[in-house]
Amino acid sequence: MSETNALRVSRLLRETAGFLLPLNQVDVDVEVTRIEFDVDLRGSAADRRSSADLAGVVVLVTEPVDGAGGFNAGGFRAGLGAIRARYSGAAALIVPPGTHTHLGEGADDVSAGAAAPILLERSTGVTWSEVLVHLRQLSEGASSALAWPDVDDLSALAAVIAEMTGASITIEDPASRVLAHSNLGDEIDDIRRETILSGAIPDWRIAELEESGFLDVVRRSTDVVERPAAGATPARSVIALRSEGELLGTIWAAYPETVDPASLRDVLRDAARAAIPVMLRTLRRSPFEKRIRREALGSILGGSPDLGPAATLLALPFSGHYATLAFAEVAPDREPVLRFHLRAAFADAVLAHVGAHGHLAVLVHMSEAMSAIEIKSHVASTLQRSLPPSEPLHFGVGAAVERLDHVQRSWTEAVYVVDALLAREPQGGASAPAGSGSADDRDVVRGATAEDVAAELVGLEAADALRSVGPRITEPARLLAAHDAKLQGQLLETLRAYFATVGNSAEASRRLHVHTNSLRHRLTRIEEITGLSTADRAGRLWLEFAVLVYDRERR
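In structure tokens form, the structure reads like this:
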């Protein structure tokens, strides 16, 4: 149990993991007394301030750090060692992004001296204002929390409540989406199983609870609300989580007859008070935490030469078993469930939207080596069982690699693979490609590796290489596109179908739903506009390249 409700440096380190990067290690765990900007601590008395004056203070150092140890605009030395000396005795210094590059520079080496404060580097994905707000919320949350097992996330909190009560616990947000859960025993009722698998209370169940007025009672109540057992459905107790009148979420407990309801009510009341600071951190930190994780993952996927900060923020070792997945654009309403099940398939998966084309990137860190084919099969089978029928979901798997600085190669391949998979899909997405891991036309999850789409992959790589030739390469396609836009024609689409059928006029006509004579007329018109003929080898090649690169540029 916590001995004090004050915020300590150890908790600050845990609660800021992901957007503040520790640069050194200090064994002394002190209480945080206040949070200050460096500009508020400067002045004529700065040189006379003793270490005792800064005891327990967290200082936000907004001035840039100068590796050469020069002077800043205020006349203070801006080297890392000088800054540390100026605020000697503080509990922690939060320094600007990029400061880690100055570690170990002679006199500014921060590893020496047991009295040195903890150094934390701010992520570029977070503003100083957001850091200040989050630290103050931490401090206020710690002071308002009652004595409770020291937990730092909702999953740990759910596990503690379950252990203390003997009930199965679900913590949900105001929209009834599951944020954390903990089961006791092997038996799970159907409603709870569906809630956990889908990441939210089923729509039919919400409608039932709304119609009965139960949810309305929960939202208005300030105490535990109970729902008795009914048939195979066990009894449930639920309590709302509120902060200054705002509904933050709910804690649900499903329990068998062996659990004492009165004892459960007492634990839930205490748990609700203890959960509020954890819930506040979870809900209010999430917007900029997503940006930080996206930024860190993006730097790894982009092959940044400085992977240290990103690897630390995401808790990823330099050596390990890695692979990447690239998902085609995912509808917002499907993404939460997709994320839930991807993390179930790979516990250490890191997900973020990166790039300009809406790809959802997944970096998988595996305990044991798996091939791209094995990863594809595992993901496809997991999602196929879990996701409801909907529009097909496409993903590409990059090559498995053994080092973090090789992940960029895997990601580049994964993006090409998913784009190639989409290019292979017939009009309307009628069927899945051979070898893609899909059993039949009804499969909604369609994955592929480089081996599955080798020909399309080469075509896309060639198209990207040809883009460097300049605008001349796409000139024929642009002429046809302009003609179609002006006259509502279909010449460009005709050329696509003609090339897709390898010049088979009958099959191309069937796909375009026109007579073969109409197709021939269109091909003649294409030759008149572009000056290139599909009957001429060089002209045909240019036309194919033009369409390939043109479509690639507009993907």
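Residue numbers (the numbering used here): 62 to 616. Every residue, glycine too, gets a C-beta built ideally from N, C-alpha and C.
Residue i burial status per 10 Å Cβ neighbour count (16 or more: buried)
i    : result
A357 : buried
V563 : exposed
H455 : buried
I300 : buried
D169 : At D169, the pLDDT of 43 sits below 50, so the modelled position is not reliable; the number obtained from the coordinates is stated separately. Answer is buried; the Cβ neighbour count reaches 16.
W265 : exposed
G167 : With a pLDDT of only 48 at G167, under the threshold of 50, the placement of this residue in the model should not be trusted, and no figure is reported.
A314 : buried
G186 : buried
R598 : exposed
D327 : exposed
S620 : With the chain covering 62 to 616 only, the question about residue 620 has no answer from this structure.
R581 : exposed
Q488 : Residue confidence for Q488 is low, a pLDDT of 44 falling below 50, so the modelled location carries little weight; the figure read from the coordinates is stated next. Exposed: under 16 other Cβ atoms inside 10 Å.
S428 : exposed
A433 : buried
E452 : exposed
F182 : It is worth fixing the name first, because residue 182 is Glu in this sequence and not Phe. With 16 or more other Cβ atoms within 10 Å, it is buried.
L602 : exposed
T585 : exposed
R95  : exposed
S579 : exposed
H574 : exposed
Beta-bridge pairing of residue i - partner residues as DSSP gives them
i    : result
I300 : I312
V286 : V299
F388 : L421, F456
E97  : V120
A413 : A422
P83  : L181
A291 : T294
H382 : M427
E517 : Answer is none; E517 lacks a bridge partner.
E92  : R69
E307 : S304
Span of the beta strand (DSSP E) around residue i
i    : result
P397 : Per DSSP, P397 belongs to no beta strand (DSSP E); it is in the alpha helix (DSSP H), 396 to 406.
V506 : 506 to 509
T231 : 229 to 233
I155 : 153 to 156
L240 : 239 to 243
Beta-carbon separation (whole angstroms), residue i vs residue j, contact threshold 8 Å
i    : j    : result
P158 : S190 : Not a contact, Cβ separation roughly 15 Å.
E517 : A481 : 4 Å
F560 : E605 : 6 Å
L215 : V339 : 6 Å
T510 : V610 : Incorrect: roughly 25 Å between the Cβ atoms, too far for contact.
V423 : L386 : 4 Å
E474 : A461 : The pair is not a contact, with the Cβ atoms about 10 Å apart (cut-off 8 Å).
T160 : L73  : Actually they are not in contact, since the Cβ atoms of T160 and L73 sit about 18 Å apart, beyond 8 Å.
P178 : A151 : 4 Å
Q469 : G364 : 3 Å
S200 : V93  : 6 Å
S237 : I267 : 6 Å
L362 : V391 : Not quite, the Cβ-Cβ distance comes to about 17 Å (not below 8 Å), so this is no contact.
Heavy atom of the ligand HEM within 6 Å of residue i beta-carbon
i    : result
R557 : No copy of the ligand HEM occurs in the structure displayed, which carries no ligand at all.
Span of the alpha helix (DSSP H) around residue i
i    : result
I179 : Here I179 belongs to no alpha helix (DSSP H); instead the beta strand (DSSP E) covers 179 to 183.
A219 : 215 to 226
E76  : 70 to 76
Y611 : 598 to 614
I629 : Here the chain comprises residues numbered 62 to 616, so residue 629 is not present and cannot be evaluated.
D586 : With the sequence shown as reference, residue 586 is identified as Arg, and Asp is not the correct amino acid for it. 577 to 591 is the span of the alpha helix (DSSP H), which, as asked, contains R586.
Y559 : 552 to 561
S570 : 566 to 573
T373 : 369 to 374
G150 : Looking at the DSSP string, G150 is not in any alpha helix (DSSP H), and its letter there is neither H nor E.
L541 : 536 to 548
Quiz item: Taking only runs of the alpha helix (DSSP H) that begin and end inside the segment 418 to 474, which ones reach a length of at least 4 residues, in chain order?
Solution: 433 to 447
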